[in-house]
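**Q** Residue numbers (the working numbering): 356 to 600. Every residue gets a Cβ at the ideal spot worked out from N, C-alpha and C, and that includes glycine. Pasting in a structure now, in structure tokens, and then I'll have a few things to ask.
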Amino acid sequence: MLTANINGNRSRPFPGTVGTCPFCYSEMIPRCGEIKVHHWAHKSKTDCDHWWEPETDWHRNWKNEFPLRWQERVFTDETTGERHIADVFTLAGLTVEVQHSHLDPEERRAREAFYKNMLWIVDGSRLKGNRKNITEWRNGLAEIVQGQKRTNLFLTDKAEELFPKDWLECPVPVCFDYMGPNAELSAAPQPLFLLYPGTVHRKRLVEPLPRDGLLRSILSERLDANSIHNIMQNVSKLRVGKIQR
Numbered sequence: 356m357l358t359a360n361i362n363g364n365r366s367r368p369f370p371g372t373v374g375t376c377p378f379c380y381s382e383m384i385p386r387c388g389e390i391k392v393h394h395w396a397h398k399s400k401t402d403c404d405h406w407w408e409p410e411t412d413w414h415r416n417w418k419n420e421f422p423l424r425w426q427e428r429v430f431t432d433e434t435t436g437e438r439h440i441a442d443v444f445t446l447a448g449l450t451v452e453v454q455h456s457h458l459d460p461e462e463r464r465a466r467e468a469f470y471k472n473m474l475w476i477v478d479g480s481r482l483k484g485n486r487k488n489i490t491e492w493r494n495g496l497a498e499i500v501q502g503q504k505r506t507n508l509f510l511t512d513k514a515e516e517l518f519p520k521d522w523l524e525c526p527v528p529v530c531f532d533y534m535g536p537n538a539e540l541s542a543a544p545q546p547l548f549l550l551y552p553g554t555v556h557r558k559r560l561v562e563p564l565p566r567d568g569l570l571r572s573i574l575s576e577r578l579d580a581n582s583i584h585n586i587m588q589n590v591s592k593l594r595v596g597k598i599q600r
């Protein structure tokens with residue numbers, strides 16, 4: 356984890372301190388080496404959030420893109436009492452979950468039902484086939500235009516070739532990062548790919564965007580549930596003839 360409580364305040368890890376887990380309240384110790392991202396670790400094996408899993412530096416680096424006060428927020432369902440730690444929770448009420456390893460579809464659906472208004476950031480580089488295909492992504496996408504204006508929104512009927520199949524049925528947006536934890540591509544960094552939920556004109560809606568573009572979209576509340584719905588509605592009103600390669 357990136358944060359722990361010290362004297363009631365959320366804190367980054369630093370040598371010589373002891374913190375408390377904000378979820379299970381057990382003792383945490385700082386890990387501040389020279390290789391991995393500095394983080395906190397539970398001092399002893401303990402039952403914490405059962406959705407929690409070991410984090411890579413890729414995962415931690417993504418969380419660190421956001422303000423400290425947004426990171427690792429504890430949620431409690433007022434009806435059931437169920438509790439979980441969200442990777443990121445914005446002031447606008449959007450939960451961002453970052454996922455590197457394989458996630459069982461049942462757990463994925465459970466998280467989506469629990470957080471509701473959320474966005475996934477997924478390591479798309481984990482499956483070599485998808486990573487190879489995404490390098491030629493323009494061949495599989497057709498850009499939507501409005502008059503003479505380019506929208507940077509694309510439709511594709513090849514989602515199964517471009518993106519990990521386990522994530523295609525999500526009812527919330529999924530952003531794929533194909534650079535991965537150990538970027539091996541010698542070419543210039545690939546953009547992120549935001550896959551919108553559902554279909555438009557029987558195709559999938561995709562938005563390639565740079566890392567800072569995704570962050571700006573999150574900060575500007577452009578990716579909450581209502582905004583995503585409005586974007587999908589606006590695109591669905593365009594004639595297919597407005598779409599060009």
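Which value, in whole angstroms, describes the spacing of the CA atoms of Leu-540 and Gly-436?
**A** Because the pLDDT of Leu-540 is 39, which lies under 50, any placement of that residue in the model is unreliable, and the number read from its coordinates should be weighed accordingly. Between Leu-540 and Gly-436, the C-alpha separation is close to 45 Å.
**Q** Distance check for Lys-520 and Lys-513, CA to CA, integer angstroms please.
**A** Answer to the nearest angstrom: the Cα atoms are 11 Å apart.
**Q** Per the DSSP calculation, Pro-477 is bridged to which residue(s)?
**A** Strictly speaking, residue 477 in this sequence is Val, with Pro absent from that position. According to DSSP, which records beta bridges pairwise, Val-477 is partnered with Gln-454 and Phe-531.
**Q** Have a look at Trp-522 and Cys-530 and give me their C-alpha separation to the nearest angstrom.
**A** Rounded to the nearest angstrom, the gap between the Cα atoms of Trp-522 and Cys-530 is 10 Å.
**Q** Which residue comes first and which comes last in the beta strand (DSSP E) that contains Glu-382?
**A** 382-386
**Q** Spatial neighbours of Val-469 within its chain, please: C-beta separation below 8 Å, excluding the five flanking residues on both sides.
**A** The sequence given here has Phe at residue 469, not Val. Hits under 8 Å: Phe-430, Asp-432, Glu-437 and His-439.
**Q** Note down, in chain order, each residue of its chain lying with its Cβ closer than 7 Å to the Cβ of Thr-401, except the 5 sequence neighbours on either side.
**A** Cys-379 and Ser-381
**Q** For the region 363-373 and the region 385-402, state whether three or more C-beta atom pairs, one from each stretch, are separated by less than 8 Å.
**A** yes
**Q** Assign Thr-450 to one of two classes, buried (16 or more other C-beta atoms within 10 Å of its C-beta) or exposed (fewer than that).
**A** buried
**Q** For Ala-465, name the three-state secondary structure that DSSP assigns.
**A** Helix, per DSSP.
**Q** Just the Cα atoms here: how many angstroms apart are Glu-576 and Asn-362?
**A** 33 Å
**Q** State the DSSP-derived secondary structure class of Arg-557, mapped to helix, strand or coil.
**A** coil
**Q** Identify the residues that DSSP records as bridge partners of Arg-424: which are they?
**A** Note: Arg-424 sits in no beta bridge, so no partner.
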